[in-house]
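S.K.: Residues 7 to 265 in my numbering are what the sequence shown spells out, letter by letter.
Structure below; questions to follow.
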Amino acid sequence: MNLCVRHCSQITRFNGKIAVITGSTQGIGLATARRFAQEGAKVIICSRKQQNVDDALKTLNNEGLDVTGLVCHVAKEDERRNLIYEAEKFGGIDILVQNAGANPKPGPIIDCSESMWNKIMDTNLKASFFLAKESLPLIRKRGGGSIIFMSTIGAYVPRKKVGAAYSVSKTGLLMLTKAMAGEFAEYNIRVNSVAPGLIETNFAQILLEDSEKKYEEILLNRSGKPESVAGVITFLASQDAEYITGENIVIAGGMTSRL
């Protein structure tokens, strides 16, 4: 009942749209998939592990939502190709949310090995570029659409606990957003990114455990919910944001966000 009260007024905002959301079996990705589906979209989710996909599909389908899914490690070209093929079967892509990310060993950048650096860059930055590029024909087929990259507040101010290598990859997404927005505009495709702060997810657990200092930089003096980020993402994908492209929206309760 609460979900209906919240969403019934805009339940068809994405009616007839196809949304592909990577890294979408938990946390922000799952909340985003749920929100798009609640508002009428056909949603394709993915994750690196089949069990995670199965669990998320069971949850969302039991809520009566139109969601399908498959395994996809976005850093692997063949698995991205499978994801694109799945979307093609449904008619293309209107909305692409590249949420999948990796941070295998948080810590000081000086301790980052070459293999760790490659994994972080391949998943967070390289895969974002290629997934958007590979999705371009399917979005053009639909007459245009929206691409949204997942950055982080750490793209502005790196944190040792999270790892500066991760922050470097996410700062790169800010420029990728600008670059692709300029080139994709002629196809009626808007490209934006979001930069969440301290959001209550498993990914942010290392920061949430720092009970004494975790809110000292946050003006709202609290952490955020995955649904707060999902709301901004769906806004950016909607007609309400039809004149917004090349931008990064910070969702961090008032944390500093200046390069």
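Don't be surprised by glycine CBs; every beta carbon is placed ideally from N, CA and C.
Counting C-beta neighbours from all protein chains within 10 Å, is the total for residue 117 16 or more, i.e. buried, or is it exposed?
M.R.: By the 10 Å Cβ count, residue 117 comes out exposed.
S.K.: Consult DSSP for residue 104 and reduce its assignment to one of helix, strand or coil.
M.R.: Reduced to three states, the DSSP call for residue 104 is strand.
S.K.: So what does DSSP say about residue 55, is it helix, strand or coil?
M.R.: It is coil, neither helix nor strand.
S.K.: By Cβ distance below 8 Å, which residues in the same chain neighbour residue 81 in space, the five residues on each side in sequence not counted?
M.R.: Contacts found: 108, 125, 128, 129, 132, 133.
S.K.: Let me know the beta strand (DSSP E) ranges lying completely inside the segment 114-183, each 3 residues or longer, listed in chain order.
M.R.: Listed in chain order, the complete beta strand (DSSP E) runs (minimum 3 residues) inside the segment 114-183 are 151-156.
S.K.: Does chain C have any CB closer than 8 Å to the CB of residue 56?
M.R.: Among the chains of the structure shown, chain C does not appear; only one protein chain is present.
S.K.: Is it buried or exposed, residue 15, if we count other Cβ atoms within 10 angstroms and call 16 or more buried?
M.R.: At residue 15 the pLDDT is 47, less than 50, meaning the model places this residue with poor confidence and gives no usable figure here.
S.K.: Determine the extent of the beta strand (DSSP E) in which residue 75 is found, giving its start and end residues.
M.R.: It spans 73-77 - the beta strand (DSSP E) in which residue 75 sits, taken as one unbroken run.
S.K.: Residue 254 by DSSP, collapsed to three states: which one?
M.R.: Correct three-state label for residue 254: strand.
S.K.: Exposed or buried, residue 145, counting other C-beta atoms within 10 Å across all chains shown (16 or more means buried)?
M.R.: With 16 or more Cβ atoms within 10 Å of its Cβ, residue 145 is classed as buried.
S.K.: Going by other Cβ atoms of all chains shown within 10 Å of its Cβ, with 16 needed for buried, is residue 156 buried or exposed?
M.R.: Buried.
S.K.: Straight-line CA distance for residue 53 to residue 164?
M.R.: Approximately 26 Å, taken between the alpha carbons.
S.K.: Compare the Cα-Cα distances from residue 188 to each of 221, 253, 161 and report the closest residue.
M.R.: Closest option to residue 188, Cα to Cα, is 253.
S.K.: Could you have a look at residue 199 and say whether DSSP puts it in helix, strand or coil?
M.R.: Residue 199 falls in the strand class under three-state DSSP.
S.K.: Do residue 237 and residue 203 count as a contact pair if the criterion is CB distance below 8 Å?
M.R.: Not in contact: residue 203 and residue 237 (Cβ atoms no closer than 8 Å).
S.K.: Mind checking residue 21: buried by the 16 CB within 10 Å criterion, or exposed?
M.R.: So residue 21 ends up on the exposed side.
S.K.: Got a sec, what are the start and stop residues for the alpha helix (DSSP H) residue 90 sits in?
M.R.: Where residue 90 is concerned, the enclosing alpha helix (DSSP H) stretches over 83-95.
S.K.: Below 8 Å on the Cβ atoms is my guess for residue 47 versus residue 62; work out the distance and round it to an integer in Å.
M.R.: Not a contact, Cβ separation roughly 16 Å.
S.K.: Which residues in the same chain as residue 251 place their Cβ atom closer than 7 Å to its Cβ, once the five residues preceding and following it in sequence are excluded?
M.R.: Cβ neighbours of residue 251 beyond the five flanking positions: 187, 191, 196, 197, 198.
S.K.: So, is residue 37 buried or exposed, given that buried needs 16 or more other C-beta atoms within 10 angstroms?
M.R.: Classification of residue 37: buried, given that the 10 Å Cβ count is 16 or more.
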